Amino acid sequence: MPQRVPKIQHPFVNIDRISGVWPANTTDWQATHEAGHLMGLPDRYNYNNFKPDPNFVNNIMSTYGGSPNEQDIRQIINASGNDVDYGD
Ligand SMILES: [Zn+2]
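Quick note: the sequence shown uses this note's numbering, first residue 877, plus one each step.
As structure tokens, this is what we get:
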């Protein structure tokens, strides 16, 4: 009898940030991207053509393998409610 191959589901976090799907076989980048959503970061690409927003090329929230930028970090810290002096 042939074994059924489980369908790999794309991970996602719903807008409510308390529900979604996060399969165990999620890649490191996908997990990091979804964690960004859990911390309040939006997708930073065009949903129609998947091109990154101009200020977020190679960003974790727009591009596979991308990294967070300073704006992402500040947004996460600000959302935490902590008062931070960025020194600028
Ligand atoms: Zn996303």
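Built from N, CA and C at the ideal position, the CB exists for glycine as well.
Everything numeric in this text was worked out from a predicted model, so none of it was measured.
Kindly indicate the opening and closing residues of the alpha helix (DSSP H) around residue i.
| i | result |
| --- | --- |
| Asp-904 | 904–914 |
| Asp-919 | That residue, Asp-919, is in no alpha helix (DSSP H); it is neither H nor E in DSSP. |
| Asp-948 | 946–956 |
Between the C-alpha atoms of residue i and residue j, what's the straight-line distance to the nearest angstrom?
| i | j | result |
| --- | --- | --- |
| Asn-890 | Ser-956 | 19 Å |
| Pro-930 | Met-915 | 22 Å |
| His-913 | Tyr-962 | 23 Å |
| Thr-903 | Phe-888 | 12 Å |
| Arg-950 | Phe-926 | 24 Å |
| Val-960 | Ala-911 | 22 Å |
| His-886 | Asn-901 | 10 Å |
Going by beta-carbon coordinates alone, are residue i and residue j separated by less than 9 Å?
| i | j | result |
| --- | --- | --- |
| His-909 | Ile-952 | no |
| Arg-920 | Ser-943 | no |
| Leu-917 | Asp-892 | no |
| Tyr-940 | Trp-898 | no |
| Phe-932 | Asn-945 | yes |
Would you say residue i reaches chain B, if we count a Cβ-Cβ gap shorter than 9 Å as a contact?
| i | result |
| --- | --- |
| Leu-917 | This model lacks chain B altogether, as it is built from one protein chain only. |
Item to complete: Could you please go through the chain and list the residues whose beta-carbon is closer than 6 Å to any non-hydrogen atom of ligand 1?
Response: His-909, His-913 and Asp-919
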